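Add 93 to the 1-based position in the sequence shown for our numbering, that's all there is to it.
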Amino acid sequence: MQIAIASGKGGVGKSTITASLLYLLKDEYRFVAVDADADAPNLDLLLGVEHWEGERELIGAKVARINAESCIRCGICQERCPYDCIKVIDGDYVVSELTCEGCNVCGLVCPVPGTIILEEVRSGVVRKATTKYGFPLVSAQLDVGRPNSGKLVTEEKEWAKKLMKELGLEHMIVDSAAGIGCQVIASIGGADLAILVAEPTPASLSDVQRVYRVVRHFRQPAYLVINKADINPGFTKLREWAEAEGIPILGEIPYDRAIPRSMSMLKPFVEAFPESKAADAMREIAEKVMEEILK
94 MQIAIASGKG
104 GVGKSTITAS
114 LLYLLKDEYR
124 FVAVDADADA
134 PNLDLLLGVE
144 HWEGERELIG
154 AKVARINAES
164 CIRCGICQER
174 CPYDCIKVID
184 GDYVVSELTC
194 EGCNVCGLVC
204 PVPGTIILEE
214 VRSGVVRKAT
224 TKYGFPLVSA
234 QLDVGRPNSG
244 KLVTEEKEWA
254 KKLMKELGLE
264 HMIVDSAAGI
274 GCQVIASIGG
284 ADLAILVAEP
294 TPASLSDVQR
304 VYRVVRHFRQ
314 PAYLVINKAD
324 INPGFTKLRE
334 WAEAEGIPIL
344 GEIPYDRAIP
354 RSMSMLKPFV
364 EAFPESKAAD
374 AMREIAEKVM
384 EEILK
């Protein structure tokens, strides 16, 4: 199976829960993990990755280049650039790679043909490692200011599929990014189901409802994990929404200081503090995942 874990809102504990779920499943199933947050990947930190065994570049972004020799320094490109990314440095017009979107407006308005061209540059890198727990992890890193984060996630999942065939793995578990952008769509697309993580707050409810609409677009079943379940006792709308939509609740994890402490130790909280209240709740969730989903 291919399982996507998503939240919509950042900061609700999705990656923390994912790391602990992977830790609890590692002895029962053979799987590959995918960190699909190319903007800010961090699953490798919690899973003890010390070095990357393989790396692939994704070339796809485009930036403008100005040929200083044929440039007549009329300044039209600078005036028309919608992103204000052309500056004058030492008398030459220069494009900032970090802010250029590759729209080619400058090339279209330049009066000297061939002076401004679009060149392909690296969007980011996809990499593979074996975690200290024995299962493989595929991750990605988007370069600063580059587009194509969704393509990076797609490349990650393709590499993960090849690993599944080569190593005889059963499942792919994808830790999605926050939001509902290209990365999340690429994470959820092709999955068999989604596990949504939310906390009982209005902001988290609003965002998990948005990502649930993406899940529904792909006609996938969804499950819900409520994290920090006891921080807002009077807020019942999250549970009411899940019940109204027919979304099964896999479990509720209480607020526990063991979780931030485990993150500072760079360990899943079920490993660092196995006797904590959060670890007890997480083990119950993992049992349900094994019984209701993976079997």
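Positions of the beta carbon are idealized from the N, C-alpha and C atoms, including for glycine. Just so you know, these numbers come straight off a predicted model, no measurement behind them.
- In the DSSP assignment, Y305 falls within the unbroken alpha helix (DSSP H) covering P295 to H310.
- Per the Cβ contact rule, the segment 241 to 255 is in contact with the segment 203 to 218 (3 or more Cβ pairs under 8 Å).
- Around the beta carbon of R312, fewer than 16 other beta carbons lie within 10 angstroms, which makes this residue exposed.
- In terms of Cα proximity to I266, the closest of I110, I179, K102 and A157 is I110.
- By the Cβ rule, the segment 146 to 166 counts as touching the segment 193 to 202, because three or more pairs are nearer than 8 Å.
- Nearest Cα to M356 within the set N135, E338, Y122 and G184: N135.
- Contact between I278 and V307 holds: CB atoms are separated by about 6 Å, below the 8 Å threshold.
- In the structure shown, T223 adopts extended strand secondary structure according to DSSP, grouped into three states.
- At a Cβ-Cβ threshold of 8 Å, A131 and A222 do not count as neighbours.
- A residue is called buried once 16 or more other Cβ atoms fall within 10 Å of its Cβ, and A372 is buried on that count.
- Separation of T192 and L151 (C-alpha to C-alpha, rounded to the nearest whole angstrom) is 19 Å.
- In its chain, beyond the 5 residues on either side, L138, L139 and G141 have a beta carbon closer than 8 Å to the beta carbon of L359.
- The Cβ atoms of I96 and L343 lie no closer than 8 Å to each other.
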